[in-house]
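First comes the structure, then the notes that go with it.
4 protein chains.
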Amino acid sequence: MPTLGPNRYGKAETRVVRVVRDGAVHHLKDLNVSVALAGEMDAVHLCGDNANVLPTDTVKNTVYAFAKEHGIDAAEEFGIRLARHFVTGQESIHRARVRIEEYAWERIGTAGSARHSFARRGQEVRTARIAYDGERWEVVSGLTGLTVLNTTDSEFRGYVKDRYTTLEETSDRVLATDVHARWRYGWSDDTRPVPDWQRAHAEARGHLLSAFAETYSRSLQQTLYQMGARVIERRPEIDEIRLSLPNKHHVLVDLEPFGLTNDNEVYVAADRPYGLIEATVLRDGAEPLIPTD
Amino acid sequence: MPTLGPNRYGKAETRVVRVVRDGAVHHLKDLNVSVALAGEMDAVHLCGDNANVLPTDTVKNTVYAFAKEHGIDAAEEFGIRLARHFVTGQESIHRARVRIEEYAWERIGTAGSARHSFARRGQEVRTARIAYDGERWEVVSGLTGLTVLNTTDSEFRGYVKDRYTTLEETSDRVLATDVHARWRYGWSDDTRPVPDWQRAHAEARGHLLSAFAETYSRSLQQTLYQMGARVIERRPEIDEIRLSLPNKHHVLVDLEPFGLTNDNEVYVAADRPYGLIEATVLRDGAEPLIPTD
Amino acid sequence: MPTLGPNRYGKAETRVVRVVRDGAVHHLKDLNVSVALAGEMDAVHLCGDNANVLPTDTVKNTVYAFAKEHGIDAAEEFGIRLARHFVTGQESIHRARVRIEEYAWERIGTAGSARHSFARRGQEVRTARIAYDGERWEVVSGLTGLTVLNTTDSEFRGYVKDRYTTLEETSDRVLATDVHARWRYGWSDDTRPVPDWQRAHAEARGHLLSAFAETYSRSLQQTLYQMGARVIERRPEIDEIRLSLPNKHHVLVDLEPFGLTNDNEVYVAADRPYGLIEATVLRDGAEPLIPTD
Amino acid sequence: MPTLGPNRYGKAETRVVRVVRDGAVHHLKDLNVSVALAGEMDAVHLCGDNANVLPTDTVKNTVYAFAKEHGIDAAEEFGIRLARHFVTGQESIHRARVRIEEYAWERIGTAGSARHSFARRGQEVRTARIAYDGERWEVVSGLTGLTVLNTTDSEFRGYVKDRYTTLEETSDRVLATDVHARWRYGWSDDTRPVPDWQRAHAEARGHLLSAFAETYSRSLQQTLYQMGARVIERRPEIDEIRLSLPNKHHVLVDLEPFGLTNDNEVYVAADRPYGLIEATVLRDGAEPLIPTD
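Residue numbers (my numbering), protein chains in the order written: chain H, 1 to 293; chain Y, 1001 to 1293; chain D, 2001 to 2293; chain E, 3001 to 3293.
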């Protein structure tokens, strides 16, 4: 009989919105929570015996109940609470992984004193991934959908040329990417003080942006490393960061057939294909644990 | 032989990015331009005779060339220039419709004086649709992807109940929607002064937001009308506005099975189905011209 | 006070799956139903008075209840039943429009006699749009997501050249498109026999495919007209058809830099921009009623 | 200075369409190719020195040139050829990973003898992932977007109940999922005969479908294991398979408020949240190498 290998199950994409009403001033948290559980699951796979299976419907209910009972502050804290609950609450469950996407809202400014109106801030999504095996925590936070662009201070020269190379070197190009970043906190032990998740996230995000803007880039790899290194250098609570950066090519349009000169002014924003640059940057001595698929 | 009815052709989704370099301070415009042309096109449909067909590839080239030759200020102005070119430049083309999506970028703040780094502002998209038949202009501007939410001051009561009604009345619900707005300017004649497109757009957007926030809502229809009416009342250059507002249901979770009371605190953000409310609001005497499909 | 213009409301995207159990042989219908209602709706827009408003939640319930009470045969028939119910059942509702997407499933062949397993047939979606005002019916059926491609018998020559034209003529190109078709039935009167919706749809689809395949194309406009004309000529129950055909450009790759000749063998399947060709084809004397937006 | 961890770069989503013209009978292959390369890349990350970097533009060119020079038979074979080229062709590149999506087309039947017209077969995508380090091959094939549904022979009972459990047991439910399958071939060594990729894929797909249809399911985990085990048992060239199966919930609608009985006939096809069941099934003694993220 074939062997059962690594497996997990759970409820994905439970959408929970939590409102806190502080008089006329309301607060809003908007999350998408995915929980995956693993443990003694041979019987359910091999013979359909559900005796060790907490239903995924219950997982969903737990997310909503916890939103009420404990509120939602940082996504990381909410994920830790959920992961601990499943691993310590069910004997058959040995490991939990909670993934959270958080959508940001900002207040709509109005004349009166009422503060209950909000607008979604955009396409950027804050992410958190919490893993727990009953002993050790692994918290990886990050962001996706942060699109950035430099109109200059980017070149690409001195690369390998082979039989199939036609690209011309350039000393001034547009450099654009969608930042997909995940960083792992050194914290892994319940007995140690937890990081300030909100501040760490805001600061890491700021460092990514400023490193992108301030780096004179000879390649997207160099920019990537500078972005990652700045986070590692400035945030002691972060041991590892992995960046996945599509090179969103902006191609200079050839205007000569129309008797015009394109002096780095008019670009095609191309869809596909795109370069894809991925790398991990680590604190000295840290192990790379963020999955690279 | 079957008759040829209404027809048009053109190039859709030409992505153009235009950079202006003012010393170390750079400026960025990012558009998606779709052009549709109509005119004497019987021969190409009926016998494949292309003698009246300007290729869609040429339409694309024209977008890029105009970005260089004339720059891009307001999307509306750029669309007017393109529409005029096609209608006056080709005898066989009698009507042009230009649709533009504009993506907003904001500067990344950095320490130095360099000003060439940008981040995409989010999912909201500014839209413009310019139609021209050689005599009359129709300019419809708008926005999509503006997601807003009120945590209170919304009720839904006193509605019709029939055999299939199970919904309970509520006097305090979350009201959320993705604003899809299109407004038509009164301007239609080349001899009249054109509106200030940038200011009109910013102001209309602001009125939509504040009317949404400030309306005590007995139904999403009422909120919609208030939003539309405020734009018509405050912006004399706008004669008509059409709003399409999905009611993004936020369903209160039943926490009683867990011994908890949900005091308007925990909601499911539901995907489908959703209510869909659509209406046009008009200046007195104006005709509804924005298509309702 | 600004005037209320055209408006409607309803429930969009109610997803209903209907199973019929004929012993061990089961049957499956899978629809996405969107209902929009219009009528005496001034009070709800102007003052939030819901006395004429049947809740959209009730609309959803009705879809599910009708699936049980009446079953689902053709999507058109189901839509007609719903539209009639809302217009005749509520005095305040004068017009209904029902849009349906139908997803096709095919049986998974198995050894035994059981017939309860299905696989989704693909990305093609069957569409229907039923409008009713208490007297007159308008039924527009169609399809989207049918992607087709000819590897030869397509050319593009003899077109207009202006200052911005760089495209070279071609006598042998790949022609590919996603067929988006909507056809209107002549039937509009309850006293007349209704068409055989299932057969008409299958036949119209077949004619679109064969006309695409059999036309030697000098332009996509010509192919479009041939596709539409064949449906009008062969299906007497159909009076009008509108086709929207993106020209999914397949660009011949220049392999000369690598010392290779590209003899119409290797193509880039491009994303954007794309040509977009739209036209209506009509039975002689029929009016174009399908919206062109 | 922070350490550079695992990294790779390449060109993603190169869309190549290859036509073979066998007289009037044409053949079509339609791929989306993503290549990632790794090796001596410290200098480019740390100092922007591109001397070891083959441009991603060259990677794209190579895909097109190889499509001409070698044709495209099985996606796996094409990926192997590309991976070998990059690893053996550039000293600085030590590892290559090629990912391919293949889109299926079927012929449009026509009366004449011409055979150059095709329709896309649907949303199902065939996948292949080839990894090579100069010595060892790892080939993982699979599919995504295969949506299947059983209308009966599925129950869910006997599960754990805790404080947050409200789900009722069911002995007859709809079971539906989107099959996402990846299977790893035992072949890893150039000196051994390669599998028949086309036949292996077709057979594995067939086993997944028939196991899904023929399993009386007490849980989706059980169905998953049966699907995986059947592939391992019947295809000796496959050592490992990983399945990721969303439980696409079909919720029985409560029709009692309308005086109707829902005898397993009318369902809501729900979007979110969804159960997510993931597991690997292995040949005895095989190691789980397919990434689980």
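Glycine is no exception: its CB is placed at the ideal position from the N, C-alpha and C atoms.
Judged by DSSP secondary structure, residue 2027 of chain D falls within the beta strand (DSSP E) whose first and last residues are 2025-2039.
For residue 73 of chain H, not one C-beta of chain Y is nearer than 9 Å to its own C-beta. Out of E/3217, E/3046 and E/3123, the CA that lies nearest to the CA of residue 45 of chain H is found in E/3217. The three-state secondary structure of residue 3064 of chain E, taken from DSSP, is helix.
For a Cβ distance threshold of 9 Å, residue set 3018, 3019, 3020, 3021, 3067, 3068 and 3071 of chain E lies close to residue 2265 of chain D, ordered along the chain.
Residue pairing by DSSP puts residue 3247 of chain E in a beta bridge opposite E/3275.
From the listed residues Y/1240, Y/1228, Y/1292 and Y/1107, the smallest Cα separation to residue 1285 of chain Y is found for Y/1240. Chain E places no beta carbon closer than 9 Å to that of residue 150 of chain H, leaving this residue out of the contacts.
Among the bridge pairs identified by DSSP, residue 262 of chain H is matched with none. The three-state reading of DSSP puts residue 1155 of chain Y in coil, since its state is none of H, G, I, E or B.
DSSP places residue 2192 of chain D in no alpha helix (DSSP H); its state is neither H nor E. Between the stretch 87-101 of chain H and the stretch 1122-1133 of chain Y there are fewer than three C-beta pairs closer than 8 Å, too few to call the two in contact. Membership of residue 2019 of chain D in the beta strand (DSSP E) is indicated by the continuous run 2014-2022. Residues of chain E whose Cβ lies closer than 9 Å to the Cβ of residue 1271 of chain Y are, in chain order, 3270, 3271 and 3272. Taking 9 Å as the threshold, the shortest C-beta distance from residue 2235 of chain D to chain Y does not fall below it.
Residue 2123 of chain D carries a strand assignment under DSSP once its states are collapsed to helix, strand and coil. The three-state secondary structure of residue 2093 of chain D, taken from DSSP, is strand. Only residues of its own chain outside the window of five on either side were considered, and among them 1234 and 1235 have a CB closer than 8 Å to the CB of residue 1203 of chain Y, listed in chain order. Apart from the 5 residues on each side of it in sequence, residue 123 of chain H sits with its Cβ closer than 6 Å to the Cβ of 145 in its chain, given in chain order.
When the alpha-carbon of residue 3258 of chain E is set against those of D/2205, D/2058 and D/2084, the nearest one is in D/2058. For the stretch 130-163 of chain H, residues whose beta-carbon sits nearer than 8 Å to a beta-carbon of chain D comprise 163.
Against chain E, a Cβ distance below 7 Å from residue 181 of chain H picks out nothing, because the smallest value is about 14 Å. Put simply, the CB of residue 261 of chain H is far from chain D, with every gap to its CB atoms at 9 Å or more. A contact between stretches requires three or more CB pairs, one per stretch, nearer than 8 Å, and the stretch 58-68 of chain H meets this requirement with the stretch 3162-3177 of chain E. Taking C-alpha positions only, residue 3156 of chain E is separated from residue 2102 of chain D by approximately 29 Å. Under the three-state reduction of DSSP, residue 3219 of chain E is assigned to coil, being neither helix nor strand. The beta carbon of residue 2276 of chain D sits closer than 6 Å to those of 2246, all from its chain and outside the five residues before and after it, given in chain order. Nearest CB-CB separation between residue 2246 of chain D and chain H: not below the 9 Å threshold. In this structure, the alpha-carbon of residue 3112 of chain E lies about 31 Å from that of residue 3126 of chain E. Under the Cβ criterion (8 Å, minimum of three pairs), the stretch 1013-1032 of chain Y does not count as touching the stretch 3038-3056 of chain E.
In the three-state reduction of the DSSP assignment, residue 2071 of chain D falls in the coil class. The beta-carbon distance between residue 3152 of chain E and residue 2116 of chain D, rounded to whole angstroms, is 5 Å. This is short enough to meet the 8 Å contact definition.
Look at residue 2172 of chain D here: in three-state DSSP terms it is coil, with no helix or strand label. Taken through DSSP and simplified to helix, strand or coil, residue 3099 of chain E comes out as strand. Taking residue 1289 of chain Y as the centre and dropping the five residues before and after it, the same chain places the C-beta of 1138, 1184 and 1240 closer than 7 Å to its C-beta, in chain order. Taking each of H/142, H/256, H/223 and H/273 in turn and checking the Cα distance to residue 249 of chain H, the smallest one comes out for H/273.
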